[in-house]
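Residue numbers (my numbering): 861 to 1216.
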Amino acid sequence: MAFLFIGATGDHAGHSIVIWAIARRLLETGLSVGFLKPFGTYPIRKEGVWTDRDALLLKEALNLQESFDRICPYPLSEGAWREQGTHEIIEGIKSVARELSTGKDIVIVMGSRHIFFDDASSGVSDIFLNTELKADFLLVDRYLKTSKSIYSILSVGSLLKGRIKGVIINRVPPEKLDEVKYQMIPSLIQKGIPITTALPEDPVLSLRSLGEIREVLNGEILLGEEYLDQSVGGITVGSSDLKEELLLFKKVYNKLILLKPFSLDAESKESASPRSIAGIILTGGRNPAPQVLQAAKNAMIPIILVKDDTFAAMERLEKGTPALSPRDEAKVRRFTEMMDRDEALDRLLQSIGLIR
């Protein structure tokens, strides 16, 4: 049985997209891949069954045939298992892991939100679980501060000696990238830590789609359902970006304007000209006048109606964290390209013995 455990240091480190990228590369090489997330952290309901958001994502993205109760045996939404003792839970996870490994070259095991503390796992830490599974380990660290990252990485290295195969330092601010690459990483390597790569913060990976915004706000799509995969690069309550037929929306006071992302070659994020509109959210729950809908239809602009008022809707969007969906193939391709710039992904898989 071969297991690769992928853990994170919290702060939305990005281990969901790391797992997806690794699994895709392994599948491309002809290997069969299984997935296990022992403890659910983000409850979601699918086809009448409660499961975990990452379990749903990877089941669909990787076309896994196993049922949700195998992929995520201890979902956050279910409370009965919390009455079990640690030994019983561990043995249950090991049993499921053995089952999932049948016919697979590798099973990727996803840790909880934070490797050191997470109440979702009922006292079973990622460190302890990794040791019990005898799995190779990859750490995904969200860079916030050099001293914090060094402390977290060295702590994991000391607890998982011989098991840790790589560390991805993720979401590094561009202005900190040279410091991380040329000072922090060499220091960690000298201490025996196998650093895989450092990746910069990429705004494209944080973009939401219209479909996700609708889900976050529990909105109703009035127009443009075919555009739900459109990415949103910004939100404004102003009307300065409205033009031509959309000028009619200046008379609609309860709204949020969703802007398309800036092009990657744009010289500046500031522009005097109107920005392209991705969609319009009508707040307050009142259906718009027919002429307003017709103007949006003529301009091919999606309209989403939500019950929240404007500021409540904005607050929900600001507090929510963008989540990956199976529709985000473009994001995982972009992330994979970032790792391939210095062949980090292949070097990682070679160190684990999965590819030559």
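The beta-carbon is built from N, C-alpha and C at its ideal position, and this holds for glycine as well.
Under the three-state DSSP convention, the category residue i falls into
i	result
Met-970	strand
Tyr-1003	coil
Ala-1172	helix
Pro-935	coil
Thr-1096	strand
Ala-868	strand
Pro-898	coil
Leu-1208	helix
Phe-1122	coil
Met-1009	According to the sequence shown, residue 1009 is Ser rather than Met. Helix.
Val-1027	strand
Ala-1183	coil
Phe-977	coil
Glu-1127	Low per-residue confidence applies at Glu-1127: pLDDT is 42, beneath 50, and the placement is therefore not dependable, though the value from the model is reported in the following sentence. Glu-1127: coil per DSSP, three-state reduction.
Lys-1167	coil
Ser-985	coil
Ala-873	coil
Lys-906	strand
Ile-1117	strand
Pairwise C-alpha distance: residue j and residue i
i	j	result
Gly-1093	Leu-1119	6 Å
Glu-1178	Ser-1099	20 Å
Arg-1193	Lys-1111	41 Å
Lys-1036	Thr-1057	14 Å
Asp-1005	Ile-1117	Asp is not the amino acid found at residue 1005; the sequence shown has Lys there. Computed Cα separation, rounded: 34 Å.
Val-1000	Pro-1046	18 Å
Ser-876	Phe-988	21 Å
Phe-1122	Asp-1062	13 Å
Lys-954	Leu-993	7 Å
Glu-920	Pro-1186	6 Å
Ala-862	Ile-1215	13 Å
Tyr-1011	Pro-1034	21 Å
Trp-910	Pro-935	8 Å
Ile-975	Gln-925	28 Å
Asp-1188	Ile-866	20 Å
Leu-1153	Glu-1105	11 Å
Ala-873	Arg-1146	39 Å
Ser-937	Lys-906	13 Å
Gly-1144	Gln-1043	52 Å
Asp-871	Met-1198	21 Å
Trp-880	Phe-977	24 Å
Tyr-1113	Ser-961	56 Å
Ser-1091	Ala-868	27 Å
Lys-897	Val-878	14 Å
Ile-1055	Val-1032	14 Å
Assumed close pair residue i, residue j - CB separation to whole angstroms, cut-off 8 Å
i	j	result
Gly-1052	Gly-1026	That belief does not hold up - the Cβ atoms of Gly-1052 and Gly-1026 are roughly 13 Å apart, past 8 Å.
Ile-1164	Glu-1072	No, Ile-1164 and Glu-1072 are not in contact; Cβ-Cβ is about 11 Å, not under 8 Å.
Phe-895	Leu-864	Not confirmed; about 10 Å, so no contact.
Leu-1208	Leu-998	7 Å
Leu-1088	Ser-1069	6 Å
Cβ pair residue i, residue j closer than 8 Å
i	j	result
Tyr-1003	Val-1040	yes
Ile-968	Ile-882	yes
Lys-1115	Ile-1137	no
Leu-1020	Asn-990	yes
Thr-901	Arg-973	yes
Leu-1108	Gln-1151	yes
Val-893	Asp-965	yes
Ile-1028	Leu-1048	no
Leu-1184	Thr-1196	no
Ala-1156	Leu-1083	yes
Gly-1180	Val-1076	yes
Gly-963	Asp-986	no
Ala-915	Phe-899	no
Gly-952	Pro-933	yes
Ile-931	Val-984	no
Asp-1169	Arg-1176	no
Pro-1148	Leu-1142	yes
Inter-stretch contact at 8 Å, needing at least 3 Cβ pairs: the region 884–891 / the region 930–947: no
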